[in-house]
Structures are given as C-alpha cells and as structure tokens.
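I have placed the structure first, in the form of structure tokens, so that the comments after it can refer back to it.
Number of protein chains: 4
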Amino acid sequence: MTEREDLLVGNFPIVPKQKRAQQKRNALLESGRILFIDKGYEQTTAKDIAAHAGVATGTFYRYFSDKRQLLMSLLEDKIEEFFPPEPSWSTPDPVSFIAKMLEDHGKRLNKFGLHRVLQELLPKDPELAEAISEARRKIHSRIYSGLKQAFEKGWTWKDLDFDTVSWSIMTLVENAHEKEVQDGGHVDYYQLAKVICRMVFPPEVHKE
Amino acid sequence: MTEREDLLVGNFPIVPKQKRAQQKRNALLESGRILFIDKGYEQTTAKDIAAHAGVATGTFYRYFSDKRQLLMSLLEDKIEEFFPPEPSWSTPDPVSFIAKMLEDHGKRLNKFGLHRVLQELLPKDPELAEAISEARRKIHSRIYSGLKQAFEKGWTWKDLDFDTVSWSIMTLVENAHEKEVQDGGHVDYYQLAKVICRMVFPPEVHKE
Amino acid sequence: MTEREDLLVGNFPIVPKQKRAQQKRNALLESGRILFIDKGYEQTTAKDIAAHAGVATGTFYRYFSDKRQLLMSLLEDKIEEFFPPEPSWSTPDPVSFIAKMLEDHGKRLNKFGLHRVLQELLPKDPELAEAISEARRKIHSRIYSGLKQAFEKGWTWKDLDFDTVSWSIMTLVENAHEKEVQDGGHVDYYQLAKVICRMVFPPEVHKE
Amino acid sequence: MTEREDLLVGNFPIVPKQKRAQQKRNALLESGRILFIDKGYEQTTAKDIAAHAGVATGTFYRYFSDKRQLLMSLLEDKIEEFFPPEPSWSTPDPVSFIAKMLEDHGKRLNKFGLHRVLQELLPKDPELAEAISEARRKIHSRIYSGLKQAFEKGWTWKDLDFDTVSWSIMTLVENAHEKEVQDGGHVDYYQLAKVICRMVFPPEVHKE
DNA sequence: TATGAATGAGCCTTCATTCAT
DNA sequence: GATGAATGAAGGCTCATTCAT
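Rendered as structure tokens:
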C-alpha cells in the first residue's frame, strides 16, 4: 500500500510510522467510511468524523488535509474492488462461473459501501470522476477483449457487437449488487448469469 | 403517485393563482433546474437561484419553503420522464421498436438532466429515495407483466426468469443515456435493442 | 469620496446606496477604527467589530470582504491626513508658520489614530507598505522642491543637502505627534519649528 | 534596567545550567529571532521556532513559557543595542564623530533586526511598551545632559531648547537606519551628522 | 407581495499549550 | 529531559432563513 499511497492522495501529513498513529489513522478512516455511508459526504463534517473516532477535531487534521483526502485514502485502497474480475467464457460452465463472480463482486461492493458516496461526489470532483472513468474504461476493455477471443473461437453470436455487449455486461454487473438494497429482495445471480450468457452465446453453444 | 405527491412536496406556499406569480414560480423552478445541473444541489444556494431568476432572495421563500421543496416540485412535474414506456413485444419489429424507445427515453432523460442531482440527494433524503424506489417498482412491474404476456404467447425463452430479465432491461434502459456522457461515444441503440431482445426471445422467434 | 472608493479597496460588496446601509457601514468603520487602535489589528476579530457596531457577524461581511479591507477603507479616506502640508519658506515668519503646521498635523494624526496599526501591518502587507512608501515619497519630493526653491533664492545654507534635510524634516514632522504620547509631555512645536528652520537657514537669513 | 529585567521576562523555567541545555536555548532564541524578522511575530508559531531550531514542540516550552517570553529574552540581551552611544560634542571633529556613530548604530540596529517586531508588539504589550519607553527616556536624558554640558561650555546656540533638540537628535538617529530600507537608497551619514550639528552649534563654533 | 439587509448557527481550519511515553 | 501527538478554543467565513420596510 505504501507505494501507491500518493496515487490519488498526495502524501500530505506524514506517513504515520508509529503503531498508535496508524491505529488512529485507521479509526478515522473507518469512522469516515461509516459516516459517509450513513449520512452522505456533504452531511458529514470533519468534526463528526473526529468525534466518531473518539479524537479531537484538530487530530483529524494531523492525519488528513481535509474530508476529501480522507475519502481519497479510503478509495485508494479499495478502488480495485470496483473492478469485477474478467468473466471467463472458456469455462466448462460459464453460467456458474459468472454467477459466482457476480455474487463475490456484489458482496465486495456491499461491504465497501461507498458507491453511493461516489455518486454524490462525481459531479463536483472532476479528478475523482476521471479516476473512476479510467477504471471503467479498463473494465470495459477487459470484457471487450474477452468477448473478442470467444468470438474468434466461434463461440458467440456471429453478429456480436462487442462494444454494446461489453457495456451491457459491465452495467449489469455494476448494478447487480444494488438490486438487493433497492427492492429488499435478493438477486438471483444464477439467473442473471444466464441472461448475460444469452447476450453472448447462441443456444447451441450454450449446451456445449 | 398522485396521492403521495403533496406528501413529497408539502402544500406549503399555496399554488399561486395570479399569472405573475406563476411566471415567477416557473422562473425559479427553471433557474433551480439549471443551477442544480450545473453546480450540483449542495453547491447551489437559494440566493443563487433567486438571483438567476431575477428576483430577491426573500421571494424565493414565498414560493418554496426551501431548496429541497423546489427540487421536489421540479421532480413532481417530471418524475414521469423517468418511466421508460413499456416495451411492446408484440410488434412486427420489436428490435426497432425498442431501439426507438431507448433513444427517445435517453433524449428525454438528458433533457431532464436531474439524474445526477438525484444521486446526490438519495443518501440524505429517504423520502425521495422511497419515491424513486416506488417509481422503479412500477416500471419493473410493467416490464414484468409485458414479459409475462409474451411468455404466455409462447414467444420467449421457456425458462425466462421474469424478475431477472425485467430488472436487466430496466437497468440497461436507465443507464443507456449515461453511456454517451461517459465515454463521449454515442450509443448504438439498435445494437442495445438487439441485446435486449436476445435476453427475451430465442433466435427462432426473433426471425418471426 | 465616492470617486476614490476603489483606490485601495476594490469595490467588493456593493457600494451601499441606502442611507441605512451607509450608516451601518460607517458604524462598522468606526468600530473597526476604535478596536484596531485599542487592541491592535491582529487582536481584533471581525466578530469583535461587528459586535461593537451592534450588528451580527454576517453583516460585517456584507460590507467588507474582510478585516483588511475594512482597514483599507479606513485608510483610503484618511491617507491624505498623513501628508503634512508643504512647509512654506517664503513666509514672513517661517518658524511660526511651521510651528502652526506641525501642531495642526499632529492633531490630525492623533485624531486619526491608526499610525500604530499601520506599523503593525507594514511588515506583512506589502501592498499597503507600497502605498505608504508611495505617500512618503510624495511628501519627500514636495519638501525637497520647496527647499530647492528656497535655495535658489539664496535663503538657505549654501551647502544644503536637499535629500538629507528633506528626510530629516519629514522624519521630525512624522514623529512629532508621537512625542506627546510617548513622554506624556507636550511638544513645544515652536521650538521644533525653530530647529527645523536652523537646519535650513543660516542665522543671518533667519532674522530677515 | 537590570532590576526590572526579570520583571519583563519572568523567571519561569530556570536558567538552565547544563551546556547542552544552554545550546538548545540559544538555538531557540536564534531561530525565534530569524523567524520573527522574516515572517513577523504573529505569523511565527512556537512550532515553527522549535522546528527551525531542530527540537520538538514540547521542548520549546521547557525553555520558554511562551512565544512572548522568548521575544523578551531576545530583547533583554540586546536592548542596549537600541541605545545610540552618547554623541560627544567635545571632539575635534564632531561631525565625523557623529557620522561614525550614526553608521555604527545603524549597522547594529540592522543586524539586530527586531525593530519591526517591536512595532508589531507595542500596541498589545503595555509592559514592553513601558520598557521601551523607559529606554527612550534614558537615551533622551543622556543626550540632554550632553547638550547641557556643551551649552555650559558656550558652544551651542544660546537659545538651545535642550528637550526639543535632544528629541530631534534621538528621532533622527532612531530612524536613520530605516531610510536605507525605505527608499532603497543609502543614507549619507555625514550629511545627516552635519544637520544634527547645525541644530546644536551656531556656524562660528562649527568652524572651530 | 417583493425586497434584500440582517441574522447567527455552524463549518473549516489553525495553533498555543498540555501530556503520555 | 525530550518528544510530538493530542487537544480544543477561537477565528474566518458562508448561507439558509427571517423580517422590517
């Protein structure tokens, strides 16, 4: 982690070396995460976070230059959690594979919990928006090339539009975990995987 | 929805009857919309809105109890814009039909422009979240029953999972218009429609 | 005054047009002056000034962008008070003339009262420092040319160093009014004028 | 002055006896001096000083009760630097003597460098103001008696006003070194000395 | 009704000072 | 003695909301 520390964040107020300091820093991070998720980013003040972490206001500013930097530190570690693993089409049972992947990814995202906060921030934070956009582009291109390979092996629909289908898969994966929250119901990841496979494979391949 | 409408909005400052007043109210609404989209909800102050509408700060509060209510009024009129029209499967050419629908809906949403603002607000406004959720449920159930009818006519996959597929369609439709913004590229609505149809119809029906 | 308003200050928060507003602005200016003199610039907060003027903190910021701007507004009107009037050497009785001038100028400065504040600020406010410097340069050059004229009329010491003597006169005039404060004693302006004249005129001219 | 010295300074953290401690204390003093001159008194924090001296913040408070006391200690050692040596009128060449004295004193003051800081503090620190005032009174009285002696020897103007002339001399001496800074130009100490002598001696004595 | 000045709570941030290690 | 993290009071400033005109 240390090497990526200044990726989004800059290495502003000292990388804390003592264990104590690390703990306090982590407490602040965790408090930030909780409050951001609970009340939203704007509604959470530095004071709130400090109080929730059981430290004084000033202490917050020893570890973070401001609220935004705390959020960035939070993201930095976890940004990879947004990347769904590349779906593999050359599996004996792609549906199960994807179902498993969806479920794992959903769990990860829900545990992460900051997606809402990101949406709140994207409009006002172009730098962040760009970072996210970049991440999305990567996912998209990974799915895209996976599809291409499958296509070249003759497994997919002949008229597969790589771009549209990659985007559709990405969109469904990204939103799947929200489904649970939204309608309280649970997602049938297996069914969703089946739908995704149907977007890619014609039925005869499916059976194979 | 109509019955809960005033729940959302409150019936505070009386719907003004005079033409002058109506104009002012509309100017405020429009200014609010523009500024919310431009700078985000939190970043827009009541004073900003009033100034942009060419009235005094105090006047704002004659027409709206606060910023939130203005937003709610804005949504009230336009909430239906979120509803994609029910896809019709019993059309000679469902792909083209859906493609057209996607495009129209995308245009409408982009013209509306407040989706970003909604995302900014959802975390802090459970009431609004509930209203949106409700709207979603309606769309979902409409798509659901459309699918069911198609199923009963024997057009769809035999093992169609209504819920999963409805949700997938809804998700793709909701996000399609964002694609343009995100990757600057334009959406190929026809291809997307094809993908959707593939989720629903087996290939042999397709040709019909 | 209005035409010079934006000299040092910029015309930040609206030139108040209503009488009420003018009064409030003036009250703030006066409170600022009093508190600056009493407690020093740094020790005076915007809140203090507002409270002393009997208005809320926010009101302060309607009229001034910050403490510094208030001070600048204060100076703007009064900056000319720093300029001692040009001593006239071609008077029947230059000593009396200068004595009178010194006294008037001292009174003016003491009424103004902000010289201490200026000294507090000069080191940290280069813009202000420049303005003051500029003013000083003007005074200096006026005294300088007055001396030159007197010299050309053959009234002064033959070896008069214009620069040194101008500077000496300026320095004495500037500091004279502080003498009262410093040793509680009062300044004998007449004696001081005599000293100044001795710096300029040889004794034989003196009697003339 | 010696008796009041600890009044100014307080005898708080005991003059440290160990060599190490002395060094640290001196480092802090020197760092304080440098930073005060560079950034001003208010703008310099205890932490700044400690950091500049290469010790921890807490250490600062072992040696000084606070920022003010450090400044006072700084002055304590150097306050005598403010005293211009008594001008001697009974020299073969008083002009040169005084010129030399002015130059030396200017150099000393400029090396000292804290005059600006004093001006920043005087308004808020009556005790310091009193100490300075006291010092001034001493200088004044020394010059005064020097003049008196010269007068008694019949060297000066017959109508010399001791008080006014002492004050004038003191004022010119005190401000001379600032002239360099102010107009970038250099002071012609010889000319200034001549002016001072003219305030004291009539021309015929001058030649003597 | 319309106006916009006034209000003051509350956020962000700094820094003198303390204190556990 | 030294350290530097922690504290929290206090200042700067904004903005939603009220209210006298």
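Protein chains in written order, with numbering that gives the first Met the number 0: chain A, 0 to 207; chain B, 0 to 207; chain C, 0 to 207; chain D, 0 to 207. In this text, a Cβ means the ideal position worked out from N, Cα and C, and glycines have one as well.
At a cut-off of 3 residues, not a single continuous stretch assigned as beta strand (DSSP E) sits fully inside the segment 28–79 of chain B. Against chain B, the CB of Pro-83 of chain A has no partner CB under 8 Å away; the residue lies outside that interface. Non-local C-beta neighbours of Val-172 of chain B in its own chain, meaning closer than 7 Å and more than five positions away in sequence, comprise Pro-83, Leu-101, His-104, ordered along the chain. The C-alpha of Asp-162 of chain A is placed about 60 Å away from the C-alpha of Lys-38 of chain D. Chain-order list of chain B residues neighbouring Met-198 of chain A: Val-194, Arg-197, Met-198, by C-beta distance under 8 Å. Boundaries of the alpha helix (DSSP H) harbouring Asp-103 of chain C: 93–111, taken from the DSSP string.
By the rule that beta-carbons nearer than 8 Å mark a contact, Gly-105 of chain D does not touch chain C.
The shortest C-alpha to C-alpha distance from Leu-117 of chain A to any of A:Glu-41, A:Leu-28, A:Lys-178 is the one to A:Glu-41. For the segment 119–146 of chain C, the set of positions with a beta-carbon nearer than 9 Å to some beta-carbon of chain D reads Glu-119, Leu-120, Leu-121, Pro-122, Lys-123, Ser-132, Arg-135, Arg-136, His-139 in chain order.
A direct Cα-Cα distance of roughly 21 Å separates Arg-197 of chain D from His-139 of chain C.
Straight through space, the alpha carbons of Glu-179 of chain A and Asp-158 of chain A are spaced by roughly 33 Å. Around the beta carbon of Thr-170 of chain D, a 10 Å sphere encloses 16 or more other beta carbons of the protein chains shown; the residue is thus reported as buried. The three-state secondary structure of Ser-89 of chain D, taken from DSSP, is coil. At a cut-off of 8 Å, the C-beta of Trp-166 of chain B has a neighbouring C-beta in chain A.
Rounded to whole angstroms, the Cβ separation of Ala-50 of chain B and Ala-26 of chain B is 11 Å, and the two are not in contact under 8 Å.
For Leu-120 of chain D, the enclosing alpha helix (DSSP H) stretches over residues 114–120.
If you check each beta-carbon in the segment 150–175 of chain D against every beta-carbon of chain C, the ones closer than 9 Å belong to Trp-156, Asp-158, Asp-160, Asp-162, Thr-163, Val-164, Trp-166, Ser-167, Thr-170, Leu-171, Glu-173, Asn-174, Ala-175. Contact residues of the segment 65–99 of chain A toward chain B are absent (C-beta to C-beta distance below 8 Å).
In this structure, Gly-145 of chain C keeps its C-beta atom at 8 Å or more from the C-beta atom of Pro-93 of chain C. Comparing alpha carbon positions, the residue from D:Glu-203, D:Ala-45, D:Ile-195, D:Phe-150 closest to Lys-99 of chain D is D:Ile-195. Residues are counted here when their Cβ sits less than 8 Å from a Cβ of chain D; for the segment 41–53 of chain C these are Glu-41, Gln-42, given in chain order. Counting C-beta pairs with one atom in each stretch, the segment 61–75 of chain B and the segment 19–35 of chain B have three or more that are closer than 8 Å, which means they touch.
The residue among A:Leu-120, A:Gln-148, A:Lys-106 with its C-alpha nearest the C-alpha of Phe-35 of chain A is A:Leu-120.
Separation of Glu-75 of chain A and Gln-21 of chain B (C-alpha to C-alpha, rounded to the nearest whole angstrom) is 49 Å. Of the other Cβ atoms in all chains shown, fewer than 16 fall within 10 Å of the Cβ of Lys-137 of chain B; this residue is therefore exposed.
Of the candidates A:Ala-55, A:Gln-190, A:Thr-44, A:Pro-122, A:Thr-44 places its Cα closest to the Cα of Leu-69 of chain A. Nearest neighbour of Ala-128 of chain D by Cα position, chosen from D:Pro-202, D:Trp-88, D:Ile-78, turns out to be D:Ile-78.
Apart from sequence neighbours up to five positions away, the residues of its chain that approach Phe-111 of chain C with a beta-carbon distance below 7 Å are Lys-77, Glu-80, ordered along the chain. Under the Cβ distance rule, Arg-32 of chain B does not count among the residues neighbouring chain A, no pair being separated by less than 8 Å.
Burial state of Asn-174 of chain B is buried, judged by a 10 Å Cβ sphere holding 16 or more other Cβ atoms.
Linking Thr-58 of chain C to Thr-56 of chain A through their CA atoms gives a straight-line distance of about 28 Å.
No Cβ of chain D is located within less than 8 Å of the beta carbon of Lys-110 of chain C. Per DSSP, the continuous alpha helix (DSSP H) segment holding Leu-127 of chain B begins and ends at 125–151. Short of 8 Å from the beta carbon of Lys-147 of chain D, and not among the five residues preceding or following it, lie these beta carbons of its own chain, in chain order: Phe-161.
Residues of the same chain with a CB within less than 7 Å of the CB of Ser-167 of chain A, apart from the 5 flanking positions on each side, are Met-198 in chain order. When DSSP states are grouped into helix, strand and coil, Lys-23 of chain C belongs to the helix group.
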